[in-house]
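The listed protein sequences derive, respectively, from chains A and B. Each residue of the first sequence is one higher than the last, beginning at 1217 in the working numbering. Each residue of the second sequence is one higher than the last, beginning at 676 in the working numbering.
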Amino acid sequence: MNDATMNNALMSNVKTTTKADVMTESKISAKNVQVFYGEKHAIKDVNIEIRPRSVTAFIGPSGCGKSTFLRCINRMNDTIDICRVEGDIAIDGENVYDPKVDPVQLRAKVGMVFQKPNPFPKTIYENVAYGPRIHGLARKKSEMDEIVATSLQKAGLWNEVKDRLDAPGTGLSGGQQQRLCIARAVAVSPEVILMDEPCSALDPIATAKVEELIHELRENYTIVIVTHSMQQAARVSQRTAMFHLGELVEEDDTDKMFTNPNDQRTQDYIMGRFG
Amino acid sequence: MTDATATLSNNNVRQVGGSLLVLDERTKKRNAAEARFRRMGQIAVMIGVLALIGLLASILSNGLSSFQQTYIAVDIHLDAAKLDKSGNRNPDEIAKVTTFGYMPLIQEAIKKKMAAEGISIDGLNAKAAAELISKEAPATLRNYVLSHIDAIGTTVPFKLLASGRIDGYYKGRVTMASAELDKNVSPEQLKLADELKQAGILTTAFNWDFFTAPDASDTRPEAAGLGVAILGSAYMMLIVLVLSLPIGVAASIYLEEFAPQNRLTDLIEVNIANLAAVPSIVFGILGLAVFINYAGLPQSAPIVGGLVLTLMTLPTIIIATRAALKAVPPSIRDAALGVGASKMQSIFHHVLPLAMPGILTGTIIGLAQALGETAPLLLIGMVAFVREYPAAPPEGFFDPASALPVQVYNWTQRGDPAFVERASGAIIVLLVFLVMMNLIAIILRRRFERRW
Ligand SMILES: Nc1ncnc2c1ncn2[C@@H]1O[C@H](COP(=O)(O)OP(=O)(O)O)[C@@H](O)[C@H]1O
Ligand SMILES: [Mg+2]
């Protein structure tokens, strides 16, 4: 009882200071976000500011709502019939849940990489070219070739696939497929890239490559990554947000979170005491 | 109590620490059960295979002979005095000569042929000799004359159909003994047929007419063909394909991808599943009530048959298409939406191509079902005796026509045993079409699946 009150006090403290710090330079800002799956209250009053050109990691025990909150940012939850979102999520100050916003346009700006690599069952070239094509980003074949090449380069895949662009994307190894998916997301020139446990299906070497890639992408993109691996969060992110039972427990610089968290629950989680 | 446990453990429980080389009771029992099950499965498969072989053998042995037909080659003098009495070659007047007017020409020709070959059979008059030739022949001659007015007065070689009994003689259906009792054929006629065969006048050839000729009346099975039935079935399949594929796929996509989950869509879903199980004759009654009695469409027309079969096929296609759409991994949809494709783009660019093999298979299975469907067609009058070919589509959709399975049914109802052969032949044709459709399904599936 006592503990809880103390935690709450600490939490509100954290929130206010964080907000004050980054108000001016936040890329994504969520206010009073609530998410319901039918009756189930999956996200409870989450407020968070995400900084541009940095990596923010979402951690927390399984089922705490990390994916749910991530999918709110590019409105992927719209595809789930029973899902209802309340509150505001603004990107560069524009509320993505404004009725005037078309989620299709939003998703070109906020790309997504999924847990399981999911390349289209088409050629490597087609996988990358699909996004630019439907958004009309290239007028000529040569322009498209250029986009495909730079996207694959940015995803660190170019050298491995440049000789077989017309081979099926599904024929690549798991790690290569995931980097192909990152290239596909990058190809439409997004500003934000959301990654939902992008390495959970990969072996350690492929994971290291993707982490390295995230490190490079940070210079140009705002990246939000969900991870169940504390080490990964520590390695790739500058900021970390801890979720628990649909609440945002705390959000802070990654260094501080892992050395000196404010909240007992964060400490427990990091120490491996639950989740 | 302890005793019971002891025996139990002896018989049923694996001996802990027993030798690997000695099978314990339990393992032996399990192996025996497996062997028994395997044998039962083999027997079941064998029964199925035997039934299939028996079925095919009976159909083939009865029906293959319908692809052969006996013909008699005669030179017919198209006597101007009989066909064009006034002599001015007026088509209208020539058309007034009925098929009866052509009978004497055939009699004359046979008589001449027999004389030329030196064939004579005791107790066989000229009229009886001419009966070797099908009753269809005068009509064949008449049609020829009406389209070749110039030929009147000349002698033209014809290969005319032999009568059903003579044809049956060479297919083993008719024997000298049976001819004694048969008022339609006499042993003398069979003898003449043998002589003619010896002289190379009576021959057996591939029966192309079976695929092209229209149906014929009860008394001339030798002339009956599947032409109108094949056309009618083809027209109906065309209608079914053109209507049910787009409607079925559109309905499935809407239900599967767009429709909200509520009571109404649940109800629709249940009803589609139920419709697939509705006996086909019910669709026939519906077709009769709605398309013919209410909408006033003509009876026996492929359009009505096509519409009824479309209604029947739709549930099959919708169920297959929805299953195919459901089987496309959701991650593909996510991937497309994730790069900013609209829902429609994600469906048409990614989901539909992946679902295509399933959709096509479902469609072709639905079409194959429709092709073999008989009951609803009987109700909408497609069982009528139709000798006129329907016109080319789209007008032909409204002309009377028959359909393959109905033609089979129809022929099995006829009295002359020669129609048994025709019906079996028609079944073979139907089966060949079905096999072809299934092959197309397999090829299309391979084609689409080869793209990994
Ligand atoms: N499509 C859905 N329908 C209903 N409930 C869902 C759905 N997706 C997630 N949930 C529920 O929402 C909660 C949060 O899930 P999720 O965001 O996937 O958690 P995490 O990614 O942190 O493991 C869980 O309790 C889960 O059961
Ligand atoms: Mg998750």
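Glycine included, every Cβ here is placed at the ideal spot set by N, Cα and C. As the structure is a prediction and not an experimental result, all values here were calculated from the model.
Partner residues on chain A for residue i, Cβ-Cβ distance less than 9 Å
| i | result |
| --- | --- |
| Pro935/B | Asp1297 |
| Asp1009/B | Met1292, Thr1295, Met1328, Phe1330, Asn1334 |
| Leu1029/B | Pro1337 |
Per-residue burial, residue i [other beta carbons within 10 Å of its own, 16 or more giving buried]
| i | result |
| --- | --- |
| Asn1375/A | exposed |
| Ala995/B | buried |
| Met1239/A | Here the model assigns Met1239/A a pLDDT of 46, short of 50, so the residue's position is not dependable, and the following value carries that caveat. Result: exposed. |
| Lys1370/A | buried |
| Pro1315/A | exposed |
| Leu730/B | exposed |
| Asp884/B | buried |
| Phe1285/A | buried |
| Lys834/B | exposed |
| Lys802/B | exposed |
| Asn1293/A | buried |
| Thr657/B | Because chain B in this structure spans residues 676 to 1127, residue 657/B falls outside the shown range and cannot be described. |
| Ala1059/B | exposed |
| Ser761/B | exposed |
| Asn937/B | exposed |
| Gly839/B | buried |
| Asp842/B | buried |
| Asp1237/A | With a pLDDT of only 45 at Asp1237/A, under 50, the local geometry of the prediction cannot be trusted, and the value read off the model is given with reservation. That one is exposed. |
| His1025/B | buried |
Where residue i falls: helix, strand or coil (DSSP)
| i | result |
| --- | --- |
| Thr1049/B | coil |
| Asn937/B | coil |
| Val924/B | helix |
| Gly843/B | helix |
| Lys834/B | strand |
| Tyr1064/B | coil |
| Leu1119/B | helix |
| Ile827/B | coil |
| Asp1304/A | strand |
| His1444/A | coil |
| Ser1245/A | strand |
| Pro1319/A | helix |
| Gly1254/A | coil |
| Phe1459/A | strand |
| Cys1299/A | strand |
| Asp1261/A | strand |
| Asp869/B | helix |
| Ile1327/A | A small fix is needed here, since residue 1327/A is Gly in this sequence, not Ile. Note: Gly1327/A maps to strand in three-state DSSP. |
| Phe881/B | strand |
| Leu1410/A | strand |
| Thr850/B | coil |
| Leu731/B | helix |
| Thr1470/A | helix |
| Pro1069/B | coil |
| Val917/B | helix |
| Leu972/B | coil |
Partners in chain B for residue i, counting only beta-carbon separations shorter than 8 Å
| i | result |
| --- | --- |
| Arg1489/A | Those within 8 Å of Arg1489/A in chain B number zero; the least Cβ separation is about 33 Å. |
| Val1404/A | Val1014, Gly1015 |
| Ala1450/A | Per Cβ cutoff of 8 Å: no residues; Ala1450/A is ~27 Å from chain B at best. |
| Arg1300/A | Ordered by position in chain B, no residue passes the 8 Å Cβ test against Arg1300/A, which lies about 14 Å from the chain. |
Interface residues of chain A facing residue i [CB-CB closer than 8 Å]
| i | result |
| --- | --- |
| Ser1006/B | Phe1330, Lys1332, Asn1334 |
N-terminal and C-terminal residue of the alpha helix (DSSP H) that residue i is part of
| i | result |
| --- | --- |
| Ile808/B | No alpha helix (DSSP H) holds Ile808/B; DSSP gives it neither H nor E. |
| Thr1087/B | 1079-1087 |
| Ile1486/A | 1480-1486 |
| Lys1357/A | 1357-1370 |
| Ser1276/A | Contrary to the premise, residue 1276/A reads as Gly rather than Ser in this sequence. No alpha helix (DSSP H) holds Gly1276/A; DSSP gives it neither H nor E. |
| Val1003/B | No alpha helix (DSSP H) holds Val1003/B; DSSP gives it neither H nor E. |
| Ile1285/A | Here the sequence assigns Phe to residue 1285/A, which means Ile is not the residue at that position. 1282-1289 is the span of the alpha helix (DSSP H), which, as asked, contains Phe1285/A. |
| Ile1398/A | 1390-1403 |
| Ser955/B | 955-962 |
| Ala1422/A | 1420-1433 |
| Gln782/B | 778-792 |
Residues that residue i contacts on chain B, provided the C-beta gap is smaller than 7 Å
| i | result |
| --- | --- |
| Gly1347/A | Val1014, Gly1015 |
Chain A contact residues for residue i, given Cβ-Cβ distances below 7 Å
| i | result |
| --- | --- |
| Gln1020/B | Ile1350 |
N- and C-terminal bounds of the beta strand (DSSP E) containing residue i
| i | result |
| --- | --- |
| His752/B | 743-752 |
Per-residue contacts from residue i into chain B (C-beta, under 9 Å)
| i | result |
| --- | --- |
| Val1320/A | Leu1012, Gly1015, Ala1016, Ser1017, Lys1018, Gln1020 |
| Arg1400/A | Ala1010, Gly1013, Val1014 |
Which residues have a Cβ closer than 7 Å to any heavy atom of ligand 2, listed in chain order? Spelled out in chain order, the answer is Lys1282/A, Ser1283/A, Gln1331/A, Asp1412/A, Glu1413/A, Val1442/A.
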